[in-house]
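**Student:** Here the numbering used here is used: the first residue of the sequence shown is 1, the next is one more, and so on.
Yeah, the Cβ is synthetic: ideal placement off N, Cα and C, and Gly gets one too.
Can you read through this structure? Questions will come right after.
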Amino acid sequence: MSIFDVAVWKDGRVRMMDQRALPHEEIYLTFSSAQEVAGAIRAMVVRGAPAIGCAAAFGMAVEAFRLAANGPPDNWPAAMAPGMAALRDSRPTAINLVWALERLRPLLEGGEPDRVPDRLLCEAEAIRQEDIESCRSMGQFGADFLPMTADRTIALLTHCNAGALATAGYGTALGVIRAATHRFEQVRVYASETRPYLQGARLTAWELLKDGIDTTLITDGMAGHLMSRGMVQAVVVGADRVAANGDAANKIGTYPLSVLAHRHQIPFLVACPLSTIDLATATGADIPIEERPAEEVTHCLGRRTAAQGVKVFNPAFDVTPAALISALVTEKGVVTAPDREKIAHLFDMP
Ligand code: MRU
């Protein structure tokens with residue numbers, strides 16, 4: 001089982017694997033301020049909804065230690081405001097980022113001012129640990145939910161990277177896949193390459209192969225063919241933000257997979273922690289969708305592949321309507337056919 005140092009605290013700084021270098025190199029970078037961590041999130045050093053939440057939390061802690069180096073500021077909230085704003089604005093779609101910042105905000109006030117950096121660090125570490133535990137729980141819940149087959153083998157399709165690399169460890173969708181390897185005799189994974197940023201080809205394939213999980217790479221357009229031939233028994237993906245009604249934003253290309261799964265009567269599972277569910281966002285239409293640089297679409301491996309002068313649209317996420325989600329897999333259990341009431345109920349559970 002792979003646990004990577006996706007975003008951790010080391011020697012008074014934030015340490016993150018540079019995911020841009022994968023699958024070729026395992027490089028770690030360190031960051032000493034909130035602005036630096038925000039820059040790393042923007043630049044995709046770290047990506048994936050829970051992972052950027054963790055990174056932002058450690059970004060707050062390192063900022064507080066930096067500010068306190070010459071004595072604690074008189075007004076912690078005011079001193080932290082620029083760094084916090086930079087972190088909040090680093091990427092718009094995944095709600096875990098805002099969730100983590102809001103969880104830390106109350107710690108800036110009250111209590112001993114000198115203790116603020118330690119309090120933030122302690123809470124950031126708690127967020128990291130809880131995320132790993134949540135992933136393990138949802139992995140088990142999701143694996144138990146998967147349809148058992150006569151020969152106890154299953155083929156799963158996943159999109160983007162919702163793995164250890166996208167969380168504090170273990171993964172959401174890939175957590176379900178990891179747990180499924182203990183329930184089924186054989187688990188085969190189809191990883192879609194995930195144009196244009198290739199999280200599937202670069203990251204999911206890399207981390208699943210490291211775990212010895214049978215993985216086959218396909219291009220995004222091949223999923224329908226596989227489903228029409230009965231080659232996939234379930235689709236498992238992660239989410240960047242789930243609205244109060246169950247609509248789920250995830251990596252661009254997820255929505256078409258849900259339509260295909262519905263057409264072929266294949267279970268479509270969305271695995272995410274409660275920190276990804278945003279009750280303040282009413283429906284998927286209210287989720288802000290990040291648009292990324294045109295070069296990601298016009299170029300491949302640094303070389304232009306598109307006709308000069310062509311216009312480009314590059315939304316990084318799409319929204320799968322709740323009606324196409326067979327089950328939402330969370331650390332509190334599986335919600336089948338998610339809707340507003342069932343989702344609200346999740347937050348009332350102990
Ligand atoms: O643009 P990215 O790589 O940050 O997008 C990541 C995804 O869409 C993941 O599927 C999602 O964050 C779930 S991660 C457990």
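Our contact map puts Ala307 next to Arg292 with C-beta atoms below 8 Å; I'd like the distance itself, whole angstroms only.
**Tutor:** By one-based count along the sequence shown, residue 307 stands at place 307. By one-based count along the sequence shown, residue 292 stands at place 292. The Cβ separation is near 20 Å, so there is no contact.
**Student:** Determine which residues share a DSSP beta bridge with Thr336 and list them.
**Tutor:** The count along the sequence shown starts at 1 and reaches residue 336 at position 336. DSSP, once it has assigned bridges, lists Ala327 as partnering Thr336.
**Student:** From what residue to what residue does the beta strand (DSSP E) around Ile218 run?
**Tutor:** Your numbering for residue 218 matches position 218 in the sequence shown. That run of the beta strand (DSSP E) goes 214-218.
**Student:** Let me check understanding here. Comparing Cα to Cα, which of Thr298, Arg119, Leu346 lies closest to Thr276?
**Tutor:** Counting from one through the sequence shown, the residue named residue 276 turns up at place 276. Among Thr298, Arg119, Leu346, the Cα nearest to that of Thr276 is on Leu346.
**Student:** May I ask you to list the residues that DSSP assigns as paired with Lys311?
**Tutor:** As a position in the sequence shown, residue 311 is number 311, starting the count at 1. For Lys311, which the question treats as bridged, DSSP gives no partner whatsoever.
**Student:** Where do the ends of the alpha helix (DSSP H) carrying Ile127 lie?
**Tutor:** Numbered from 1 along the sequence shown, position 127 holds the residue referred to as residue 127. Start and end: 116-145.
**Student:** Over what stretch of residues does the beta strand (DSSP E) that includes Gly16 continue unbroken?
**Tutor:** As a working mapping, residue 16 is identified with position 16 in the sequence shown. Note that residue 16 is Met in the sequence shown, not Gly. Counting along the chain, the beta strand (DSSP E) containing Met16 begins and ends at 13-17.
**Student:** Which same chain residues end up closer than 6 Å to Ala173 when comparing Cβ atoms and leaving out the 5 residues on each side of it in sequence?
**Tutor:** On the sequence shown, residue 173 is found 173 positions in, with the first residue counted as 1. Excluding sequence neighbours, Ala173 sits near Thr158, Ala162, Val236, Val237, Gly238, Ala271.
**Student:** Three-state secondary structure (DSSP) at Gly238?
**Tutor:** For the purposes of this step, residue 238 is taken as residue 238 along the sequence shown, with counting starting at 1. It is coil, neither helix nor strand.
**Student:** Among Gln35, Phe58, Thr216, Tyr170, which residue has its Cα nearest to the Cα of Lys10?
**Tutor:** Counting from one through the sequence shown, the residue named residue 10 turns up at place 10. When only C-alpha atoms are compared, the closest one is Phe58.
**Student:** Pairing CB atoms from the region 149-156 with CB atoms from the region 121-140, are three or more of them under 8 Å?
**Tutor:** Touching, no.
**Student:** CB of Val237 to nearest heavy atom of the ligand MRU: below 7 Å?
**Tutor:** As a working note, residue 237 is residue 237 in the sequence shown. Yes, the Cβ of Val237 comes within 7 Å of a heavy atom of the ligand MRU.
**Student:** Tell me whether Val187 is buried or exposed, calling it buried when 16 or more other Cβ atoms sit within 10 Å of its Cβ.
**Tutor:** Taking the first residue of the sequence shown as position 1, residue 187 is located at position 187. Under this definition Val187 is a buried residue.
**Student:** Can you give the Cα-Cα distance for Gly253 and Gly110, rounded to whole angstroms?
**Tutor:** Taking the first residue of the sequence shown as position 1, residue 253 is located at position 253. Taking the first residue of the sequence shown as position 1, residue 110 is located at position 110. Each residue's Cα considered, the two are about 45 Å apart.
**Student:** Below 8 Å, how does it come out for the region 41-56 and the region 85-98: are there three or more Cβ pairs, yes or no?
**Tutor:** Yes, since at least three Cβ pairs between the region 41-56 and the region 85-98 fall closer than 8 Å, the two stretches touch.
**Student:** Output needed for Glu26: all residues of its chain with C-beta closer than 6 Å, excluding positions within five of it in sequence on either side, in chain order.
**Tutor:** On the sequence shown, residue 26 is found 26 positions in, with the first residue counted as 1. So no residue of the chain qualifies.
**Student:** To the nearest angstrom, how far is the alpha carbon of Leu121 from that of Ala61?
**Tutor:** As a first step, residue 121 must be located in the sequence shown, where it is residue number 121. As a first step, residue 61 must be located in the sequence shown, where it is residue number 61. Each residue's Cα considered, the two are about 5 Å apart.
**Student:** Just tell me which of Leu260, Leu208, Asp247, Leu217 has its CA closest to the CA of Gln233.
**Tutor:** Residue numbering aside, residue 233 sits at position 233 when the sequence shown is read from its first letter. Comparing Cα-Cα distances from Gln233 to each of Leu260, Leu208, Asp247, Leu217, the minimum goes to Leu260.
**Student:** State the beta-bridge partners of Cys300 as determined by DSSP.
**Tutor:** Against the sequence shown, residue 300 aligns to sequence position 300. Partner(s): Arg303.
**Student:** If we ignore side chains and look at the alpha-carbon of each, how far apart do Val8 and Ala51 end up?
**Tutor:** Residue numbering aside, residue 8 sits at position 8 when the sequence shown is read from its first letter. Residue numbering aside, residue 51 sits at position 51 when the sequence shown is read from its first letter. Answer to the nearest angstrom: the Cα atoms are 10 Å apart.
**Student:** Taking the continuous beta strand (DSSP E) assigned at Tyr190, which residues delimit it?
**Tutor:** Locating residue 190 in the sequence shown gives position 190, where the first residue counts as 1. First-last of the beta strand (DSSP E) with Tyr190: 186-192.
**Student:** Considering Val319, what are the terminal residues of the alpha helix (DSSP H) in which it resides?
**Tutor:** Start at 1 with the first residue of the sequence shown, and residue 319 comes out as number 319. Counting along the chain, Val319 falls outside any alpha helix (DSSP H), though it belongs to the beta strand (DSSP E) covering 317-320.
**Student:** Are Asp220 and Glu193 touching if we call contact CB-CB under 8 Å?
**Tutor:** For the purposes of this step, residue 220 is taken as residue 220 along the sequence shown, with counting starting at 1. For the purposes of this step, residue 193 is taken as residue 193 along the sequence shown, with counting starting at 1. Yes; because the gap between Cβ atoms is below 8 Å, this pair is in contact.
**Student:** Between the alpha carbons of Met227 and Arg195, how many angstroms are there, rounded?
**Tutor:** Counting from 1 along the sequence shown, the entry for residue 227 is found at position 227. Counting from 1 along the sequence shown, the entry for residue 195 is found at position 195. The alpha-carbon atoms of Met227 and Arg195 are separated by roughly 19 Å.
**Student:** Have a look at Met16, Asp74, Gly48 and flag the residue whose alpha-carbon is nearest the alpha-carbon of Arg30.
**Tutor:** For the purposes of this step, residue 30 is taken as residue 30 along the sequence shown, with counting starting at 1. Checking the displayed sequence, the identity of residue 30 turns out to be Thr instead of Arg. When only C-alpha atoms are compared, the closest one is Met16.
**Student:** Using the C-alpha atoms, what's the distance from Asp5 back to Ala168?
**Tutor:** Translated into positions along the sequence shown, residue 168 becomes position 168. Translated into positions along the sequence shown, residue 5 becomes position 5. Taking the straight line from one Cα to the other gives about 8 Å.
**Student:** Express the C-alpha separation of Asp240 and Tyr197 in angstroms, rounding to a whole number.
**Tutor:** Sequence index remark: in the sequence shown, residue 197 carries index 197 (1-based). Sequence index remark: in the sequence shown, residue 240 carries index 240 (1-based). Rounded to whole angstroms, Tyr197 to Asp240 spans 16 Å at the Cα level.
**Student:** CA-CA distance, Glu112 and Val312?
**Tutor:** Translated into the one-based positions of the sequence shown, residue 112 becomes position 112. Translated into the one-based positions of the sequence shown, residue 312 becomes position 312. Computed Cα separation, rounded: 52 Å.
**Student:** Does DSSP put Pro350 in a helix, in a strand, or in coil?
**Tutor:** Within the sequence shown, numbered from 1, the residue matching residue 350 stands at position 350. Note: Pro350 maps to coil in three-state DSSP.
**Student:** From Ala21, Asp144, Val14, pick the residue whose C-alpha is nearest to that of Trp206; which is it?
**Tutor:** What you label residue 206 is simply residue 206 of the sequence shown in a count that begins at 1. When each option's Cα is compared against that of Trp206, the closest is Ala21.
**Student:** On the premise that Ala40 lies in contact with Gly83, defined as a C-beta separation below 8 Å, what is that separation, rounded to the nearest angstrom?
**Tutor:** Position 83 of the sequence shown, counted from the first residue, corresponds to residue 83. Position 40 of the sequence shown, counted from the first residue, corresponds to residue 40. No, Gly83 and Ala40 are not in contact; Cβ-Cβ is about 13 Å, not under 8 Å.
**Student:** Given the structure, does Gly48 come close to the ligand MRU, in the sense that its CB is under 7 Å from one of the ligand's heavy atoms?
**Tutor:** Taking the first residue of the sequence shown as 1, we reach residue 48 at position 48. Checking every heavy atom of the ligand MRU against the Cβ of Gly48, one is found closer than 7 Å.
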